[in-house]
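Below is one structure, written out as C-alpha cells; comments come after it.
Protein chains: 2
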Amino acid sequence: MEDYKNKIKTPLLATDGIIKLFDKDEIFQGIVLIERKNPPLGFAIPGGFVDVGEKVEDALKREMKEEVTLDVQIEKLLGVYSDPKRDERFHCVSCTYICKAYGTPKAADDAKNLQIYKLEDIPFDKLAFDHAKILKEFLQEEANLF
Amino acid sequence: MEDYKNKIKTPLLATDGIIKLFDKDEIFQGIVLIERKNPPLGFAIPGGFVDVGEKVEDALKREMKEEVTLDVQIEKLLGVYSDPKRDERFHCVSCTYICKAYGTPKAADDAKNLQIYKLEDIPFDKLAFDHAKILKEFLQEEANLF
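Sequences listed follow chains A and B, in order.
Heads up, the first sequence stops at 146 in UniProt numbering, and the numbers go up one at a time, no gaps.
Heads up, the second sequence stops at 146 in UniProt numbering, and the numbers go up one at a time, no gaps.
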C-alpha cells in the first residue's frame, strides 16, 4: 500500500486569499496585496502550500496569519486555478478564497511588503502568477452581488 | 531548485464529478454513481487523480470518460473537500464539479458497475468517502436554483 501511494504523483496544492479589509466601523478599506520576497517577484494575493493532514481552509487561515498577520473569515471559494503554466517553477494548483478581515496587516514571512488597494486601483500589470486573472474574476464576482 | 521542489509535500489532488444525465429530449434521468471495484468499496461519484501537467477540469473530463464513458460538460465547481480523514488511505483533496452529460454510460476502469439514481433515491448509506456529505451539498445547491 505504501508503494502504491508513493507512485501517485499529483500537482502541488496551494491556497490563496483575497482579503477584503474593513475598519471597525465596517468601512471597506481595500484588498491586501503583498510584494513578494522570493521569485517570482511582483505583487500577489497572499497564500501558500497546504500541508499534508491540514484542511485547505485551515491552511488558508494559517497562511494569512503568517504572511499578513490577519485572522480572516472565509466568505466563499472563488475558484480552483490549475493551469500548469500559472507558476513557472512547478505545477501548483490554487484553491482561492474570498475572505474578510479587520485590523492592520503587517508583512511577514514570504512578504517583503504589503499594500492595501481599493478595487479600482489594483496594479494588474505588476501581479505575479495568474493573479491578474484571479482578481478579474473576483471583481466580476463582487459586481454580481449588486 | 529541484531540491526545493522535492521538499514540498502537499496532499494528493483528485477531482470528482456529479454527472446529471439527460436524454436527447433534455429529460433528466438521474445522477451517475459507480460501484467501486477497489477498496474502499461502496458507491461513489466517479473521479480520480489529477496528473501533473493537467488542468483539473481536463482531469475531470478524462476521468469521466475513462470510468463511465461519458463526455461531460462542466456546469460549476461545487466545492473543495479536504478533510484529512475523508479517505482512509491517504490525505486526498477533491475538487468536485457538477456536470451534465447525454447518452448511455458504461462502467469501466475503477468502476465495477454503475447505476443512475433519481435525486430522491440516492443511497446515502452506501456511499464511500465523504460522498454522502458532498451529495447533500449538491442537493442543497440544486434546490437553491428554484
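We treat Cβ as the ideally placed atom computed from N, Cα and C, and that holds for glycine.
**Asked** Going by DSSP, which residues form a beta bridge with residue 152 of chain A?
**Response** Because chain A spans 1 through 146 in this model, residue 152 of chain A falls outside it and cannot be assessed.
**Prompt:** Any idea if B:V52 is buried or exposed, counting beta-carbon neighbours within 10 angstroms, 16 or more meaning buried?
**Reply:** exposed
**Message:** So the candidates are A:F124, A:K133 and A:E142; which of them puts its Cα closest to the Cα of A:F43?
**Reply:** Here the closest residue by C-alpha is A:F124.
**Prompt:** Curious, which full-length alpha helix (DSSP H) runs of at least 4 residues does the UniProt domain "Nudix hydrolase" (11–139) of chain B contain?
**Reply:** 56–68
**Item:** A:K7 - DSSP class collapsed to helix/strand/coil
**Value:** helix
**Prompt:** Hey, would you say B:C95 sits closer than 9 Å to B:V50, going by beta carbons?
**Reply:** A contact, by the Cβ cut-off of 9 Å.
**B:T15 classed as buried or exposed, judged by whether at least 16 other C-beta atoms fall within 10 angstroms** = buried
**Prompt:** So is A:G48 buried or exposed if we call it buried at 16+ other beta carbons inside 10 Å?
**Reply:** buried
**Asked** What is the rounded straight-line gap between the Cα of A:K100 and the Cα of B:F90?
**Response** 32 Å
**B:R36 versus B:F138: straight-line alpha-carbon distance, rounded** = 21 Å
**Prompt:** For the region 82–109 of chain B, which residues have a beta carbon sitting closer than 8 Å to at least one beta carbon of chain A?
**Reply:** S82, D83, P84, R89, F90, H91, V93 and C95
**Item:** Where A:I27 falls, given that 16 or more other Cβ within 10 Å makes a residue buried
**Value:** Exposed, by the Cβ-count rule.
**Request:** Please report how far the alpha carbon of B:P39 lies from the alpha carbon of B:N113, in whole angstroms.
**Result:** One C-alpha to the other measures close to 14 Å.
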